[in-house]
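These notes are about the structure you will find just below.
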DNA sequence: GGGCGGATTACCT
DNA sequence: GGTAATCCGCCCA
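Numbering (our numbering), first residue to last: 219 to 426.
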């Protein structure tokens, strides 16, 4: 008998058509990065689904296809990382089949291991709730930047996994997405998923 | 080649 | 509640 590290979530997890289901199921999963021998892990507590060409909030709305968004049109289970406001790295996960540009933004996570490394990366002095709350902070603490875009999450060093924890259904709530007012009516869609009462969820505390 | 603005954050009053 | 920070990406010319 031997013990093994938790395996990366398989391609079958990402290669599904319902981006909302995947965004919900990502809650409780663990992001693992092991860059330059520095292991950091964090449990996802907040996600947002971006539903491809029909979603006005998505970079791929209307079939928009550019050098930056090309990765979303590729294989599921790949990282889409872009720079926002010239400062913040946004870590997304590509889902669905090739040519269907669905993606899920990771907006909040609870730090598990490698907290000293996260503090070093973020320049913070103490590991309070701001360490991995908000998409820019999640990516920064985990060392994820735009150079990782296109990286397969089915491989070593940078992947998602499960330790068996699944949040109770009653602890999950869907809300409109943050910061997408430009999307008109689509800004109201309940495509954001959070674990209620979790301090690593961005914005105001959410209760039922 | 130029201009505009953003799937944010932190710090200000 | 207001806004500076900071840099491409993207669109238009």
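Don't be surprised by glycine CBs; every beta carbon is placed ideally from N, CA and C. On a predicted model such as this, the values are computed, not experimentally measured, just so you know.
| Item | Value |
| --- | --- |
| Element boundaries [alpha helix (DSSP H), containing residue 238] | 237 to 243 |
| Residue interval of the alpha helix (DSSP H) (run including residue 231) | 229 to 232 |
| Boundaries (first-last residue) of the alpha helix (DSSP H) holding residue 310 | Residue 310 -> not in any alpha helix (DSSP H); beta strand (DSSP E) instead, spanning 306 to 313. |
| Beta-ladder partner(s) of residue 326, from DSSP | 264 and 351 |
| Per DSSP, the bridge partner or partners of residue 253 | 256 |
| Same chain only: Cβ atoms within 8 Å of residue 402, ignoring 5 sequence neighbours per side | 274 |
| Contacts around residue 394, its chain only, beta-carbon distance under 7 Å, and the 5 residues preceding and following it disregarded | 405, 406, 407, 408 and 410 |
| Distance CB(residue 333)-CB(residue 345) smaller than 7 Å | yes |
| Nearest candidate by alpha-carbon position, reference residue 370, set 287, 292, 339 and 264 | 292 |
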